[in-house]
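Listed in order, the protein sequences are those of chains A and B.
Following the numbering used here, the numbering of the first sequence begins with 87 at its first residue and continues without gaps.
Following the numbering used here, the numbering of the second sequence begins with 22 at its first residue and continues without gaps.
Here is the structure we will look at, set down as structure tokens.
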Amino acid sequence: MTPARSFSLAPARRIAALLALLLSALYVTNAWQTLSVGRWHKPGAAIFPIALGALLAISALSVLFERRGGDGAMPASFALPAGSDLRRLLLLLGAFALYFLVMPLIGNMIASALFLFAAMWLLSDDPTRSPMRIGIYAIAIALSFELFFVRLLQVQMPGGVFRQWLF
Amino acid sequence: MNSLQGLLYGLSVAATPANLLAAFVGAFAGTAIGVLPGLGPVAGVALILPLTFSLDPTAGLIMMAGIFYGSMYGGSTTAILLNIPGESASVVTAIDGYQLAKKGRAGATLTIVAVGSFVGGTLAVIGVMMFSSMLAKVAILFGPAEFFALTAGGLVVMSRISGGTLASALLPMTIGLMLGTIGQEAVTGETRFTFGIPDLAEGVSLVPVVVGLYGFAELMLLVEDRAHAANKPQSVKMRELLPTRTEWKRAVPSWLRGTFLGFLFGLVPGPAATLASFASYRLEKATSKHAAEIGSGAIEGVAGPEAANNSAATASLVPLLALGIPFTPIAALMISAMLVQGIQPGPLLITQHPEIFWGLIASAYIGNVMLLLLNIPMVGVWVSLLRIPHYLFIPLLLVLSVIGTYSVRNSIFDIWVLLGSGVLGYFFNKMKFQLAPLVVGLILGPNIEKHFREALFLSQGDPWIYVESPIAVAIWLLVAAILIAGFIARRRAAFAEAMAQESSL
Numbered sequence: 087m088t089p090a091r092s093f094s095l096a097p098a099r100r101i102a103a104l105l106a107l108l109l110s111a112l113y114v115t116n117a118w119q120t121l122s123v124g125r126w127h128k129p130g131a132a133i134f135p136i137a138l139g140a141l142l143a144i145s146a147l148s149v150l151f152e153r154r155g156g157d158g159a160m161p162a163s164f165a166l167p168a169g170s171d172l173r174r175l176l177l178l179l180g181a182f183a184l185y186f187l188v189m190p191l192i193g194n195m196i197a198s199a200l201f202l203f204a205a206m207w208l209l210s211d212d213p214t215r216s217p218m219r220i221g222i223y224a225i226a227i228a229l230s231f232e233l234f235f236v237r238l239l240q241v242q243m244p245g246g247v248f249r250q251w252l253f
Numbered sequence: 022m023n024s025l026q027g028l029l030y031g032l033s034v035a036a037t038p039a040n041l042l043a044a045f046v047g048a049f050a051g052t053a054i055g056v057l058p059g060l061g062p063v064a065g066v067a068l069i070l071p072l073t074f075s076l077d078p079t080a081g082l083i084m085m086a087g088i089f090y091g092s093m094y095g096g097s098t099t100a101i102l103l104n105i106p107g108e109s110a111s112v113v114t115a116i117d118g119y120q121l122a123k124k125g126r127a128g129a130t131l132t133i134v135a136v137g138s139f140v141g142g143t144l145a146v147i148g149v150m151m152f153s154s155m156l157a158k159v160a161i162l163f164g165p166a167e168f169f170a171l172t173a174g175g176l177v178v179m180s181r182i183s184g185g186t187l188a189s190a191l192l193p194m195t196i197g198l199m200l201g202t203i204g205q206e207a208v209t210g211e212t213r214f215t216f217g218i219p220d221l222a223e224g225v226s227l228v229p230v231v232v233g234l235y236g237f238a239e240l241m242l243l244v245e246d247r248a249h250a251a252n253k254p255q256s257v258k259m260r261e262l263l264p265t266r267t268e269w270k271r272a273v274p275s276w277l278r279g280t281f282l283g284f285l286f287g288l289v290p291g292p293a294a295t296l297a298s299f300a301s302y303r304l305e306k307a308t309s310k311h312a313a314e315i316g317s318g319a320i321e322g323v324a325g326p327e328a329a330n331n332s333a334a335t336a337s338l339v340p341l342l343a344l345g346i347p348f349t350p351i352a353a354l355m356i357s358a359m360l361v362q363g364i365q366p367g368p369l370l371i372t373q374h375p376e377i378f379w380g381l382i383a384s385a386y387i388g389n390v391m392l393l394l395l396n397i398p399m400v401g402v403w404v405s406l407l408r409i410p411h412y413l414f415i416p417l418l419l420v421l422s423v424i425g426t427y428s429v430r431n432s433i434f435d436i437w438v439l440l441g442s443g444v445l446g447y448f449f450n451k452m453k454f455q456l457a458p459l460v461v462g463l464i465l466g467p468n469i470e471k472h473f474r475e476a477l478f479l480s481q482g483d484p485w486i487y488v489e490s491p492i493a494v495a496i497w498l499l500v501a502a503i504l505i506a507g508f509i510a511r512r513r514a515a516f517a518e519a520m521a522q523e524s525s526l
């Protein structure tokens, strides 16, 4: 059984609508203060954003006041992971963020291999998983991506400080 | 050049070794992407987009089209064997397909689906060929007011027919439009909403948003879904692939009905393939001689929807090729590929770049034949792809998404956008907001604003310009007709549901 926590859909959609309402207010204020409105015959750069801000406010209000979280086809609730599943998801997101943050420094190939190892380790449900086997998979995939995309297809990826020692 | 001459010219372009290879690689990669749960056609095309920049424009677009068609084919395999649709257009296929697989007809169903997709795709190409060249001639007469009617009207239609409530589509659509206002605007060159971040000056790139919303978010959903991770398909033997004579006979009318319906849906803005497959399923239920079996394993329940979704996917090329307007996320990606290669899509494409226009159309024929040859004999290979454990392919696809995104503008900022879009897409999925309107809003937003403001410049501020020309009026009337028809259909469905509930009490 997957650990999950159930949330009511209608209140969650209302929170999203409130955030959208706040966004529309900030967006219109910024457009009004920083951009030119112009005239009817020469409309400025602020006109369209102001109209969009109003449209976002209208759509947020329509979500806010919709009946029982939308139409009958919509479920009453939705589930978000909890416990070990939530921890696993957050760790994966953290590893992903770390992956592209260190990529310019250590280069695409090494960063990819490290991320692949961490992600495979996190996602494998096998309690007897071997770090050696996962490490070999990670290095093999990172190396083949480097050869195919960077060397063969000439896709520009960060080389990092180890560039001169690799290949 | 008439349509037949154009097609022959296109075949000569598409049949060069480089373009054939591009079609094959695209069809192969697309089928693999479609088979793997987590990456649908949109994310698949988005990931491959940067790689096409190193090819010549025709080969690049042919490869993208191959991925698109291939993923539509591949999505059905998981739907039938595992009851997991590889993409949204295969949801309906899973209903009867999985029941047929449980009855031991998995192989025959896969063949019916592959041939149905071929029939739908190939017949729709004929329609695309005729409609696109006709529409391109009319589109030369379009000015800012007509383009404004088409783009804004298209978005209005999309927000209403993309499924769910109006608000569920309108809110993400507006967010997409707002994202499109970031960076330098097209009319006066003023910079907006960049907050001093240099990476935002060029605007928000389409690729990270699409890969995030469709790829990253789906992978996050897969990470938390352990039930499907444990699901393993049974192998399909070659001798089980041949349908019986009765199954062939029952499939043919459904293919034809599905193809026709799918083509009509493909011309309308919105998630055409998904809508077409659902509509075809309802049509089969209403018209088939074996309607009572549909839902519990009837061949009509897979033949019609599969032909419909492939026909719709092909027909959605019409507005792209003839008008240069993308009404689907995939069309938007194809347009961005053309723009990077210095090709302006639109009504003049057919005269300025006939090799691309006709080459793409002809490659669809060739691609469909390749997909048929790839899908039926290689079904065992696709099934074995499903056995790759999640812990291997999810990290692999995440790395692929980073390479694909980074390589467009060599920007780490774009990977932040990918991560942000992924998280947004994850929560939007959970909260039942639509994703396609956000992507199309992002693409069409700058065009809508440009045409809106240019029309006002031209008319010296007279707002009547938007409804002055007969073409603009016709477009707005068509938009109104589609909205009214949708409203009536929803009222009828609600009434029928209420009656059914009343009679069951």
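Even glycine gets a Cβ: it sits at the ideal position worked out from N, Cα and C.
Because the structure is a prediction, the values reported are computed rather than measured.
C-beta contact flag for residue i and residue j at 7 Å
i         : j         : result
B/Leu-392 : B/Ala-48  : yes
B/Leu-465 : B/Thr-202 : no
A/Met-199 : A/Ala-228 : Reading off the sequence, residue 199 of chain A comes out as Ala, not Met. Yes, Cβ-Cβ distance for A/Ala-199 and A/Ala-228 is below 7 Å.
B/Gly-91  : B/Trp-276 : no
B/Thr-114 : B/Ser-97  : yes
B/Ile-133 : B/Ile-320 : yes
B/Val-13  : B/Gly-118 : Residue 13 of chain B lies beyond the stretch modelled for chain B, which goes from 22 to 526, so this question has no answer here.
B/Gly-388 : B/Ala-328 : no
B/Ala-307 : B/Leu-282 : no
A/Phe-81  : A/Gly-180 : For chain A, the structure presents residues 87 to 253; residue 81 of chain A sits outside this window and is missing.
B/Gly-204 : B/Ala-222 : yes
B/Thr-79  : A/Leu-142 : no
B/Ile-83  : B/Ala-50  : no
B/Trp-379 : B/Gly-31  : yes
Environment of residue i [buried if 16+ CB atoms lie within 10 Å]
i         : result
B/Arg-513 : exposed
B/Arg-260 : exposed
A/Asp-212 : exposed
B/Glu-523 : exposed
A/His-127 : exposed
B/Lys-453 : buried
B/Gly-491 : Checking the sequence shown, residue 491 of chain B turns out to be Pro, not Gly. With fewer than 16 other Cβ atoms within 10 Å, it is exposed.
B/Gly-2   : The structure shown does not extend to residue 2 of chain B, since chain B spans only 22 to 526, so no value can be given for it.
B/Gly-142 : buried
B/Gly-125 : exposed
A/Trp-251 : exposed
B/Trp-403 : buried
B/Glu-206 : buried
Integer-rounded CB distance, given that residue j should sit under 8 Å from residue i
i         : j         : result
B/Tyr-487 : B/Ala-170 : 7 Å
A/Phe-93  : A/Phe-164 : 6 Å
B/Thr-335 : B/Ala-145 : 4 Å
Beta carbon proximity, residue i to chain A, threshold 7 Å
i         : result
B/Met-199 : yes
B/Arg-474 : yes
B/Asn-13  : The structure shown does not extend to residue 13 of chain B, since chain B is modelled only from 22 through 526, so no value can be given for it.
B/Gln-522 : no
B/Val-423 : yes
B/Ala-238 : no
B/Thr-372 : no
B/Ser-226 : no
B/Ser-298 : no
B/Met-179 : no
B/Thr-202 : yes
Interface flag, residue i vs chain B, CB-CB below 7 Å
i         : result
A/Gly-245 : no
A/Gln-250 : no
A/Ile-196 : no
A/Met-87  : Residue placement at A/Met-87 is flagged as unreliable, the pLDDT there being 48, under the threshold of 50; the coordinate-derived value follows with that caveat. No - not a single Cβ of chain B is within 7 Å of the one on A/Met-87.
A/Gln-242 : yes
A/Trp-118 : no
A/Phe-151 : no
A/Phe-234 : no
A/Gly-156 : Its pLDDT being 48, under 50, A/Gly-156 is placed unreliably in this model, and the coordinates cannot settle the point.
request  = Evaluate the contact criterion for the segment 128-142 of chain B versus the segment 349-362 of chain B: three or more CB pairs, one atom per stretch, below 8 Å.
outcome  = no
ask   = Is it a yes or a no for the segment 186-194 of chain B touching the segment 305-316 of chain B, going by three-plus beta-carbon pairs under 8 Å?
value = no
key: Stretch pair the segment 469-487 of chain B + the segment 118-127 of chain A: three plus CB contacts closer than 8 Å   = yes
ask   = Quick one: any contact between the segment 379-389 of chain B and the segment 28-47 of chain B, if contact means 3 or more CB pairs under 8 Å?
value = As far as the Cβ criterion goes, the segment 379-389 of chain B touches the segment 28-47 of chain B, which means the pair count is three or higher.
key: Cβ pair count under 8 Å reaching 3, the segment 101-109 of chain B against the segment 366-374 of chain B   = no
ask   = Any contact of the segment 167-187 of chain A with the segment 142-152 of chain A, i.e. 3+ C-beta pairs under 8 Å?
value = no
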